[in-house]
Structures are given as structure tokens and as C-alpha cells.
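Structure record follows, encoded as C-alpha cells.
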Amino acid sequence: MMKALAREGRWIAISLGITFAVLVLSILALRQNPLTVFGLLAERLLLKPYGLGQMLYKATTLIFTGLGCALAFRCGLFNIGAEGQLYAGAFLMAVVAPHLPLPMILLIPACLAIAALGGGLWGLVPGWLKAKRGAHEVITTMMMNFIALALTNYLISAHFHEPETIHTAELPVAAYLPQLPMESSAVNASLFVAIALAFAVHYFLWSTPLGFELRAVGSNPTAAKTSGVPVDMRIFLILVLSGCLSGLAGINFILGYKHYFEQGFASGAGFMGIAVALVAKNYPIGVIFSALLFAFLSQAGLTVQSVIPRELFEILQGLVILVVVICQNKYGGAE
Amino acid sequence: MSPKKSFLAFFLVCSLGASAAAAPLKVGLVFDVGGRGDKSFNDSAFRGLERAEKELAIKKEYIEPTEAADRENALRQFASGDFDLIIGIGFIFTDDVNRVAKAFPKKHFACVDYAVDPSKTIPGNVVALKFREQESSFLGGVIAALTSKTKKVGFVGGMDVPLIHKFDAGFNAGAKWADPKVKVLVSYAGVTPEAFKDPAKGKEIALSQFDQGADVIYHASGSTGLGVFEAAREKHGLAMGVDSDQYKDAPGFVLTSITKNVDNAVYDVIKRQQAGQFKGGVIELGLKEKGVDYIYDDHNKAMIPAAARAKAEEARKLIVAKKISVPFK
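Now the structure itself:
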């Protein structure tokens, strides 16, 4: 791991440097003073518990979806269904949890299990189609995204919404995850769940026989098959596990913040997970830092919107990905 | 002027300038996700803010969030800064405004289309701006009924929710009040927010209503209505716009538009704040307050029969005088 980090060090520095340079040039092109903008960023984001808290909140969702994507990518499957898996898990949890008469100590684990189950179910369909019918996961996971979005939208509007709103009923207080004391920002205990999961996924992939098999399926399915790995079953498992991880992303908003499912509450977080995984080069621990980077760009964009159009920070997010891809080819990456 | 005097005068002007520069009211406005550029509701709110900047010399900032959690995030960013008044655009801000208003009791907040929940009290530093869209829709119903030659008119709603039922109910009541024999065809584009941005569906519904004999169709469906205009052009029927003046979207085929003056509401609340007259609570804006109206100008004067105009103005007087109570569901 340390060796890998050292190898990656140079390219991380290069990509961040390029992104930063483009940011400064764009600010100048917009006829603003970069110092004013950075001053505003420091004042409203970095030196303020609320701003930092919001950044950590955004990072939490991205760690979950980033892990979901990284796990699948690491095992050679391009699962782009994190968005749908997130909604499936979150929705299932939000409508089932209010009916569980459990004390806090049982209710929260139950909620996590339900969210993972919902996401897993959404990964199960492409997993089965890939393993049994050879259907390409890019197509199937993408289609599952549309289904999840449309289905949850419909179910909320038609059945589960509270009057005059587009969200479900509130969860019982026993299901609330505690908020972290950062000036009532949205960041909550989900952050610890996310970080713990990142280490768990790392341990699973690199220190267990099953994890080794999954990675083997990713690097060379033929070799894996020859050495007796049931490749079809493993492909199925990879997509289900990946779905479970993304499915958990909804706990950040639902258990930790608003305590209900709102239509479109995390729009784009699933797709951003792809970028997070890519920039982390599919290392679970790297996902934590990569998620922080994207969360920083998102919160920064909101913070300085009055002087800098928010599109600039969206462009920067895209740029980070491009630079990473370029550096990957040039310096060979870590594979 | 002696040098000494002119120095004094200069000093005086400077200090005056400084005190005026320190004074301007700071207003922060937060749009809904993807709200700006909708040519309707959100853009109207922004016009109000821009007008206040020009006429009242306030300082404005606005934020367009990119995800649900950013609504509160943006409101708080303003509230924790040196902003005096913070405005959220759309019913979806109801919860967020409540939370932030409680955390910052000394700041003032406004929320357009705030969803009033009878079981909860509105924080004292929040003003809820509500519109009686049913009243202007009633006038629209009158005009549609008296312009129609087939005595059949249509209503195309966006998402099937209470907010849109207000338009529907008012339009129906107005048409029936003007001419009890008029038939109103009613359709909704769907049950999800997508129903507000589905022009293809709008066109399909409008074509079917035209085929059933309707010749004037009123839409309250966001950009789905663009399909209604398209159908009107194809069938040489008439359509009615909503929220903003939509004449330009299909010149010659838009009979009138039922407007909701979010810009005025936003401007007024800023003006009151500046005059030190901010008061929390619900502000309802109907015909009487000029919060809602219909378009009658050089573009469409010729299209509206004199009798329809006269009857609509009669209805306006009766509604303002509370002699007609317009249903809202």
C-alpha cells in the first residue's frame, strides 16, 4: 500500500496542480481577484465548522457510491448503476423502517441491512443477467437506473408522499443517526459507517481468499476459470455486493439528516461515485480522499457562487477526471 | 470656497457616502435545484430581485443548489453571513426555511409557495408568500368560455397535486359561471414531477382535447405546455399560458396567459424589509393584491371578444368584493 502511494504521489500532485492552475486562470478570466475568491472559500468553508461539516456530509454519500463503483471496477465490471442502487436502497429503507417497532440499538442496524438489501436487489438483476445470459452490465445497470428513478418517483407521488410534499413520512426518532457537532451542519455518524466500510472493503479484497478470487476474476477471467474459480457465481456476487454498498448511501440523508426519502434527494451522487472511484484508482481507502476532493469542489462551488458561476466548479470536477485519465496513460498507473 | 471649507465639504460628502455604503440591505435568494432559466416561476422571482437591486439599491446574492441537502446549506450560508433577508423559491423550501429560521431568530426569511401545515406553527421571522391562483384561473375560465365557439374548453394540468388543482378548480368554476352550458375537458400529464416537463405528452393530450371538440385549452403544466401550444398551432385552436406571459411561445395562438406575479411578491417583501415593516405570517396574494392576473395587452386584445373581457372584469370586481368565492380544489 505504501509503495503504491509513493508511486501515485507524483501523479496526484500533477493532477491537483493542473486543476488548481485552471481554477486560478478561470478566476482571472472572469475578471475576479483569485485572492478574494480564496479568501471567501477560507472564510465560509475551511475556517467554518458549518462549511467543513457540509463538505464532510457530501463526502459521506460519495464514499458509499464510490466504494460501490470501486469494488465492481476492481473486479472488472463496469457497474454504472450506483444511482439506481442508491435510490432502491434508500426508498426501501424509508418505507419499511417506520413500521419496525424496534429499539434504537436494533432499528439502526436493521435500517442499514434494509438499505443494503435494496441496493443489492438492484445489483442482483444485472448480476444474474451477466452471469447467466452474458448481458453487458453497462447496459443493464444503466437501465436499472431509469427504472429505480421512475419507480420511486411514481411510488412517492402515488402512494407514499405526505400531503403537499414530495417526501415520505418521517422515520421514528429511534432511527436517527446522531449529527456531529459542527454548527448544525448535516454531517452525521454515517461518515464513520462510510469510513469503516472503506477499510472493510480493503480488507475483504486484499486479505481474504474470496476477495482474491473476485480480483482474479477482474484481472483475468480465463485464468481464474482455469484455476477453478466459479466465474459466473463470482460475477453475480460482485454486482450484488457493489449494489449493497451504493444502496447504503441513502442513510446519510435519511437516517442522518432529513429523516425521510425525498424525490431526487441525491441526484447525481451515483454517477459521481464513478468519478470518485476512477480518481481513487479503485482503491477503497483512496475513495475516502477522492470523495473529499469532489465534496470540496461541490461545496466550494456553492460557497462562491455569488462571484464565480457554479458551472466553473462542475467543469473542474470534470477536469479532475480527465487529468487523472491522462496521467494514468502517461505514467502507467498502479495496475 | 476656501480650501478649508472645501476640505470640510469633501469630508462631509465622504462620511455621508460611507454611511450610505454601509447601510444597503443585503438580500440572499435561493432557487430550487435546476430552477433558474425556467422562463416562468423562478425567473420571475429573479426579476423581482433584480428590480429591487435597481430601484431600492439593495445588495443581492443568489445561489442555485445542485442537490437537496444544498437548499438548507445555501440558506444557512446567507443567514450566518451579514444578510438581512433570505428568500427561498418554491414549496420545497418549506422545511428548510423552518429549520434555518429557528436557528437564526434575528434574521428574516420569506418562502414563495410555502406549504402551510396546520399542525405546525410558522416561525415568527418567516413570511409565507401564497398565491390564490384559483382566482386568476377563474377569470381565465370566463374568457375561455366566452371565446369558445364550440362551447367546449380544455384544461391540461402538469403533475396531479393540490397546487395544480387550484388552477383546475378556478378555471372550471369560471367557465361554468360565465356559461353553465360550457363543457370543460380535464387531463393531467402525470403523477411525477416529470409531468411538468413533458411537451410530447402535453401535445398528445391537447390534440385529443381538440379532437373532442374543444377550441380553447388552458395549461398549468410548466414546459409540458409548450406541447399544448404546438397542438394549438397544428389544429388552429387557442391555448392559454400560465405563470408568465407566454404569448411569444406561439404568437397568434395564445389567447392570454394567467400570470402569477412572483416578481412583485419578492420585490414587495424586500421593500417592506427595507422600510422596517417586515412582519412574519402568511401573505396571500390574489386578484385584489395584484399577485395574480391575466394578460390583456396589444398582442392579444384583438383575440379576446369584448363580451368576454367585460364579463371577466365583472368577475374580477365580484371576486375582489368577495361576492364570488372561488373553489380551490
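Protein chains in written order, with this note's numbering: chain A, 1 to 335; chain B, 1001 to 1329. We put the beta carbon where it would ideally sit given N, CA and C, even for glycine. Predicted, not measured: the structure shown is a model, and the values here were computed from it.
Drop a sphere of 10 angstroms on the beta-carbon of residue i, count the other beta-carbons inside from all chains shown, and report buried for 16 or more, exposed for fewer.
i: Leu30(A); result: exposed
i: His1108(B); result: buried
i: Arg1036(B); result: exposed
i: Asn33(A); result: exposed
i: Arg44(A); result: buried
i: Asn220(A); result: exposed
i: Phe1011(B); result: Per-residue confidence for Phe1011(B) stands at a pLDDT of 47, beneath the threshold of 50, marking its modelled position as unreliable; the derived number appears in the next sentence. Per the 10 Å Cβ criterion, exposed.
i: Gln1212(B); result: exposed
i: Phe20(A); result: exposed
i: Thr141(A); result: buried
i: Phe78(A); result: exposed
i: Glu1313(B); result: exposed
i: Pro1199(B); result: buried
i: Asp1298(B); result: exposed
i: Gly90(A); result: Note that residue 90(A) is Ala in the sequence shown here, rather than Gly. With 16 or more other Cβ atoms within 10 Å, it is buried.
i: Ala1069(B); result: buried
i: Tyr203(A); result: exposed
i: Pro1118(B); result: exposed
i: Ala1175(B); result: buried
Note down the Cα distance separating residue i from residue j, rounded to an integer number of angstroms.
i: Thr152(A); j: Ser184(A); result: 29 Å
i: Leu1129(B); j: Ala196(A); result: 45 Å
i: Glu335(A); j: Val22(A); result: Residue placement at Glu335(A) cannot be trusted, given a pLDDT of 42 that sits under 50; what the coordinates show is reported in the next sentence. Distance between the alpha carbons of Glu335(A) and Val22(A): 28 Å.
i: Pro1251(B); j: His159(A); result: 40 Å
i: Ser1040(B); j: Leu1163(B); result: 16 Å
i: Trp128(A); j: Ile288(A); result: 30 Å
i: Asn145(A); j: Ser1148(B); result: 45 Å
i: Leu1285(B); j: Leu112(A); result: 45 Å
i: Ala1315(B); j: Leu1139(B); result: 7 Å
i: Asp1082(B); j: Glu1204(B); result: 50 Å
i: Ser157(A); j: Ile166(A); result: 7 Å
i: Ala131(A); j: Gly76(A); result: 13 Å
i: Ile285(A); j: Met143(A); result: 29 Å
i: Phe64(A); j: Asn282(A); result: 13 Å
i: Ala82(A); j: Asp1293(B); result: 46 Å
i: Ile1086(B); j: Gly39(A); result: 23 Å
i: Gln54(A); j: Val187(A); result: 6 Å
i: Phe294(A); j: Val276(A); result: 7 Å
i: Lys1026(B); j: Lys1317(B); result: 38 Å
i: Val1254(B); j: Ser1325(B); result: 27 Å
i: Leu171(A); j: Leu316(A); result: 37 Å
i: Leu1056(B); j: Tyr57(A); result: 38 Å
i: Val95(A); j: Val1161(B); result: 21 Å
i: Thr1066(B); j: Val1100(B); result: 19 Å
i: Asn1264(B); j: Phe1093(B); result: 19 Å
i: Ala1115(B); j: Lys1279(B); result: 18 Å
i: Glu8(A); j: Gly218(A); result: 21 Å
i: Val1216(B); j: Trp1177(B); result: 17 Å
i: Ser26(A); j: Ser306(A); result: 15 Å
So residue i and residue j are supposed to be a Cβ contact under 8 Å. How far apart are they, rounded?
i: Gly1225(B); j: Gly1202(B); result: 6 Å
i: Ala200(A); j: Glu213(A); result: Contact doesn't hold; Cβ gap of about 17 Å is too wide.
i: Ser1137(B); j: Ile1258(B); result: 6 Å
i: Ile238(A); j: Leu71(A); result: 7 Å
i: Ala1144(B); j: Ile1089(B); result: Going by Cβ atoms, the distance from Ala1144(B) to Ile1089(B) rounds to 29 Å, so no, they are not a contact pair.
i: Ile1122(B); j: Gly1281(B); result: 7 Å
i: Leu255(A); j: Ser190(A); result: 7 Å
i: Ala115(A); j: Gly247(A); result: 5 Å
i: Ala1206(B); j: Val1191(B); result: At roughly 19 Å, the Cβ-Cβ gap does not stay under 8 Å, so Ala1206(B) and Val1191(B) are not in contact.
i: Gly84(A); j: Ile147(A); result: 7 Å
i: Leu121(A); j: Ala175(A); result: Leu121(A) to Ala175(A), Cβ: 21 Å. No contact.
i: Phe1091(B); j: Glu164(A); result: 7 Å
Checking the sheet assignment: what are the DSSP bridge partners for residue i?
i: Ala1110(B); result: Ile1087(B), Val1127(B)
i: Lys1059(B); result: Lys1026(B)
i: Leu1287(B); result: In DSSP, Leu1287(B) forms no bridge with anything.
i: Ser1187(B); result: Val1156(B)
i: Met1220(B); result: Reading off the sequence, residue 1220(B) comes out as Ala, not Met. Gly1157(B).
i: Lys1102(B); result: According to DSSP, Lys1102(B) bridges with nothing at all.
i: Val1292(B); result: Lys1260(B)
i: Val1282(B); result: Ala1128(B)
Quick one: which chain E residues come within Cβ less than 8 Å of residue i?
i: Ala88(A); result: No chain E appears in this structure, whose protein chains are A and B.
Mind checking whether the beta-carbon of residue i lies closer than 7 Å to any heavy atom of the ligand FMN?
i: His202(A); result: By its list of ligands, the structure shown contains no ligand whatsoever, and the ligand FMN lies outside what it can speak to.
**Prompt:** Taking only runs of the alpha helix (DSSP H) that begin and end inside the region 166-216 of chain A, which ones reach a length of at least 4 residues, in chain order?
**Reply:** 190-207
**Request:** Entirely within the region 43-84 of chain A and at least 4 residues each: give me those alpha helix (DSSP H) ranges in chain order.
**Result:** 49-74
**Request:** May I have a chain-ordered list of the alpha helix (DSSP H) segments no shorter than 4 residues that lie completely inside the region 243-268 of chain A?
**Result:** 251-254
**Message:** Which runs of the beta strand (DSSP E) at least 3 residues long sit entirely within the region 1221-1256 of chain B? Give them in chain order.
**Reply:** 1238-1243
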